[in-house]
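A quick write-up on the structure given underneath.
Shown next as structure tokens:
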């Protein structure tokens with residue numbers, strides 16, 4: 001069966017390894033992965049900022065590309081998947097042609113871990129990620145926009161990764177897109193609370209399903225010279241050694 | 001001062017640890033209460049529907065409510081704004097020779113600054129909710145809509161009581177409580193006017209519902225000879241049956257209680273044969289920006305029942321505290337309500353200062369989609385976003401709507417990482433200063449996913 005990979009712009013430029021790991025997992029799960037090469041950005045930053053003109057243009061571009069394909073659209077990012085599922089249809093609601101495209105695309109879009117657990121029934125290969133101890137950070141849009149709470153942890157556990165609980169797992173890391181640039185003090189304070197807890201958890205890798213949170217947390221850990229690193233769940237499951 | 005400056009000020013002073021702890025405590029109590037009440041989710045759906053239906057036909061329900069109050073022997077005054085509401089109450093106090101009033105905690109009277117208006121007219125208005133009383137003694141404003149003194153600990157309260165009430169210092173909560181009780185008891189008995197807000201106003205029978213945990217609501221509305229209820233225009237429910245549903249979610253969401261300790265339903269002045277109650281019952285229905293909100297894209301915010309659950313859940317609130325918002329309504333609800341009622345131009349920073357994490361929506365008893373309302377307010381204030389950010393978003397849209405250009409630009413960007421990063425990270429990026437003040441920025445990887453995919457297929 002074919003699946004379409006919507007890799008997201010952050011993964012494309014900053015975290016291509018997450019894309020490669022996603023391809024590896026999907027192929028291992030028995031899917032033929034296709035990558036529509038005209039995909040760019042779903043428009044989430046502009047949408048969240050209230051810039052509808054820009055967000056609509058990006059959404060339409062994305063819908064044109066994805067609607068021309070077939071099969072599930074798999075996204076290794078909770079927030080970009082939530083954008084395609086919830087907000088793209090809302091952005092083009094007044095445009096009859098794009099509204100249908102948006103509805104079709106929304107119905108086909110799946111966040112990666114949701115797809116692996118709920119649709120593919122994927123049983124991950126065993127990995128100890130180089131003897132790492134992992135903890136899981138729940139990204140807000142994956143959690144509250146898509147209801148992804150247990151799936152990533154279940155996958156980690158099924159893969160045999162040593163996992164510890166994170167206090168305040170479901171509290172925002174403070175990223176929030178433009179928020180992190182426009183209100184750096186409070187965004188930074190939220191991030192530092194998150195990082196304090198990560199360090200207190202005893203984990204040496206923090207795992208997430210959205211690289212936007214991971215680049216925030218990772219950037220903060222790095223600024224502190226912490227030995228803790230961030231990894232996307234796909235990287236861990238694909239056998240990346242921390 | 002801007003919101004950002006107030007936040008910087010709060011951090012410089014050190015945000016009281018009590019705020020985070022207090023808000024988190026309420027949040028956890030709410031979680032426990034919701035888990036212990038199997039119908040919670042169904043009740044939230046019903047509560048939302050009740051509020052939505054009332055707000056959709058608010059004019060009809062307001063008329064019905066006013067008629068009911070009058071039928072019960074009360075008076076009704078529609079105040080278009082804060083000035084009209086205050087004027088009515090001050091005039092009433094003058095005409096009736098009122099010099100002493102006692103108040104039940106009411107955010108609406110904080111909103112219209114009724115205490116200032118009464119003080120200017122020579123009326124001593126004493127807050128009788130313990131937290132609000134402490135805030136009033138300190139000359140401050142509430143930092144939380146249901147826990148006004150969340151920003152103070154008992155040691156600070158002990159010092160305040162010693163200074164203002166001339167008592168010996170103590171930080172024992174029980175003793176502090178007794179001191180306040182003794183002080184307030186005299187005020188209850190001598191006040192000529194009792195002033196309350198209304199958690200809900202019932203259209204069908206003109207009743208006012210008040211919930212408290214201290215019993216001060218009952219004293220304020222029964223002992224003084226005049227009771228003035230200041231009611232937000234949107235605080236209506238149709239009937240007692242709907243009121244019961246709202247009670248199911250209100251206290252659970254606010255404090256984790258199944259029901260507040262005291263629930264008072266006031267149906268007007270004392271009637272002949274009744275043993276107690278005021279001689280006069282005045283209802284002041286306050287608009288103050290609510291009609292304008294009703295006609296706007298964020299009208300859903302009027303469903304709010306002021307439980308404070310969203311404040312407790314909010315990571316921004318927990319980190320900065322209520323005062324930093326600069327508005328009588330802090331937290332997620334305040335970020336929508338404040339600009340809606342008092343002007344987006346002045347308050348545009350509030351909706352901008354959110355990570356849109358959605359923790360507020362998750363706990364809202366009437367399921368207000370606060371993140372979407374924040375985005376809606378951002379839509380209407382894009383002009384206030386820094387020019388650099390606006391240009392950046394426009395440029396990015398230009399690039400991302402041209403796939404060939406996107407591939408080219410992202411390929412070129414890999415050189416940024418190759419030339420300026422260390423181990424894939426950048427420490428200072430002038431155009432993203434806000435980011436790099438707090439954390440490192442990952443550099444573009446040496447090869448984009450697009451290029452990797454192309455080579456893989458080749």
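Residue numbers (the working numbering), protein chains in the order written: chain A, 1 to 242; chain B, 1 to 458.
Note that beta-carbon positions come from the ideal geometry of N, C-alpha and C, so glycine has one too.
Problem - Partners in chain B for residue 85 of chain A, counting only beta-carbon separations shorter than 7 Å - result: Result: empty, since nearest Cβ-Cβ is about 14 Å, beyond 7 Å.
Handout entry: Which of helix, strand or coil DSSP assigns to residue 133 of chain B
Key = For residue 133 of chain B, the three-state secondary structure derived from DSSP is helix.
Problem - Members of the region 212 to 223 of chain A near chain B, C-beta cut-off 8 Å - result: Close to chain B, meaning a Cβ-Cβ distance shorter than 8 Å, are the following residues of the region 212 to 223 of chain A: 215, 216, 218, 219, 220, 222, 223.
Exercise for the section: Could you list which residues in chain B have their beta carbon closer than 7 Å to that of residue 20 of chain A, in chain order? Expected result: The answer, in chain order, is 452.
Exercise for the section: Check whether the Cβ atoms of residue 109 of chain A and residue 4 of chain A sit closer than 7 Å, and answer yes or no. Expected result: Going by C-beta atoms, residue 109 of chain A is not nearer than 7 Å to residue 4 of chain A.
Exercise for the section: At 8 Å on the CB atoms, spell out the chain B contacts of residue 144 of chain A, in chain order. Expected result: Within 8 Å Cβ-Cβ: 357, 358, 359, 361, 362.
Handout entry: Simplified DSSP assignment, three categories, for residue 264 of chain B
Key = In the displayed model, residue 264 of chain B falls within a strand according to three-state DSSP.
Practice task
Please name the residue in B:302, B:400, B:228, B:432 whose C-alpha comes closest to that of residue 91 of chain B.
Solution key: Of all alpha-carbon atoms in B:302, B:400, B:228, B:432, the one lying nearest the alpha-carbon of residue 91 of chain B is that of B:228.
Exercise for the section: Under the assumption that residue 152 of chain A contacts residue 66 of chain A (Cβ atoms under 8 Å), give the Cβ distance between them as a whole number of angstroms. Expected result: Going by Cβ atoms, the distance from residue 152 of chain A to residue 66 of chain A rounds to 24 Å, so no, they are not a contact pair.
Practice task
Have a look at the DSSP bridge pairing and note the partners of residue 110 of chain A.
Solution key: DSSP output for residue 110 of chain A lists A:74 as bridge partner(s).
Practice task
Verify the CB distance criterion: does residue 461 of chain B have a CB-CB separation below 7 Å to chain A?
Solution key: Given that chain B is displayed from residue 1 to residue 458, the structure contains no residue 461 of chain B and the question cannot be resolved.
Handout entry: Neighbourhood of residue 164 of chain B by C-beta distance below 6 Å, restricted to the same chain and skipping five residues each side
Key = Here the set comprises 137.
Exercise for the section: Could you tell me the distance, in whole angstroms, from the CA atom of residue 207 of chain A to the CA atom of residue 24 of chain A? Expected result: Near 18 Å, if we compare the C-alpha coordinates of residue 24 of chain A and residue 207 of chain A.
Practice task
Counting only the same chain and skipping the five closest in sequence on each side, list residues whose C-beta sits under 6 Å from that of residue 115 of chain A.
Solution key: Excluding its 5 nearest sequence neighbours in each direction, residue 115 of chain A has C-beta neighbours in its own chain below 6 Å: 74, listed in chain order.
Practice task
With hydrogens ignored, establish whether the beta-carbon of residue 1 of chain A is closer than 6 Å to any heavy atom of the ligand ZN.
Solution key: As presented, the structure is devoid of all ligands, the ligand ZN included, so that no description of it is given.
Handout entry: Cα-Cα separation between residue 123 of chain A and residue 51 of chain A, rounded to whole angstroms
Key = When rounded, the distance between both Cα atoms is 41 Å.
Practice task
Determine the chain A residues that contact residue 237 of chain B at a beta-carbon separation under 8 Å, and present them in chain order.
Solution key: By Cβ distance, chain A contributes nothing, its closest Cβ being about 28 Å from residue 237 of chain B, past 8 Å.
Exercise for the section: Tell me whether residue 143 of chain B sits in a helix, a strand or coil according to DSSP, three-state version. Expected result: Residue 143 of chain B carries a coil assignment under DSSP once its states are collapsed to helix, strand and coil.
Practice task
Just the C-alpha distance for residue 29 of chain B and residue 16 of chain A, rounded to the nearest angstrom, thanks.
Solution key: Going from the Cα of residue 29 of chain B to the Cα of residue 16 of chain A covers about 43 Å.
Practice task
Give the residues from the region 366 to 394 of chain B that approach chain A closer than 8 Å (Cβ to any Cβ), ordered along the chain.
Solution key: For the region 366 to 394 of chain B, which is checked against every Cβ of chain A, the residues closer than 8 Å are 375, 376, 377, 378, 379, 380, 381, 382, 385, 386, 389, 390, 393, 394.
Practice task
Inspect the beta-carbon positions of residue 310 of chain B and residue 360 of chain B and report whether they are closer than 7 Å.
Solution key: The answer is yes: Cβ separation under 7 Å.
Handout entry: Sub-7 Å separation of residue 443 of chain B and residue 426 of chain B beta-carbons
Key = Cβ atoms of residue 443 of chain B and residue 426 of chain B: closer than 7 Å.
Practice task
Please determine if the region 311 to 325 of chain B and the region 177 to 193 of chain A are in contact, where contact requires at least 3 C-beta pairs separated by less than 8 Å.
Solution key: Here the region 311 to 325 of chain B makes contact with the region 177 to 193 of chain A; the two share three or more CB pairs at distances below 8 Å.
Exercise for the section: State yes or no: is the beta carbon of residue 6 of chain A nearer than 7 Å to at least one beta carbon in chain B? Expected result: By this cut-off, residue 6 of chain A is not an interface position.
Exercise for the section: Give a yes or no on whether the minimum CB-CB distance between residue 231 of chain B and chain A is below 7 Å. Expected result: No, residue 231 of chain B does not count as interfacial toward chain A.
Handout entry: Whole-angstrom distance between residue 2 of chain A and residue 301 of chain A, CA atom to CA atom
Key = Here chain A has residues from 1 to 242 only, and residue 301 of chain A is not among them.
Problem - For residue 195 of chain B: DSSP bridge partner residues - result: Per DSSP, B:103, B:228.
Practice task
Return the Cβ separation of residue 242 of chain A and residue 231 of chain A in integer angstroms, given the expectation that the two are a contact with Cβ distance under 8 Å.
Solution key: Contact flag correct, Cβ pair sits at about 7 Å.
Practice task
Indicate whether at least one CB of chain B lies closer than 7 Å to the CB of residue 57 of chain A.
Solution key: Closer than 7 Å: yes.
Problem - Own chain partners of residue 113 of chain A with C-beta closer than 7 Å, once the 5 adjacent residues on each side are dropped - result: Once the five neighbours on either side are set aside, the close Cβ partners of residue 113 of chain A are 148, 151, 152, 155, 209, 233.
Practice task
Pair every Cβ in the region 232 to 250 of chain B with every Cβ in the region 39 to 48 of chain B, then say whether three or more of these pairs are closer than 8 Å.
Solution key: Judged by Cβ distances under 8 Å, the region 232 to 250 of chain B makes contact with the region 39 to 48 of chain B, as three or more pairs qualify.
Exercise for the section: Determine the direct distance from the alpha carbon of residue 374 of chain B to that of residue 136 of chain A, and round the result to whole angstroms. Expected result: About 28 Å.
Exercise for the section: With 8 Å as the limit, tell me which residues of the region 291 to 320 of chain B have their beta carbon closer than that to any beta carbon of chain A; keep them in chain order. Expected result: So the close ones are 315, 316, 319, 320.
Problem - Secondary structure of residue 332 of chain B, DSSP reduced to three states - result: Assignment of residue 332 of chain B by DSSP, reduced to helix, strand and coil, places it in the helix class.
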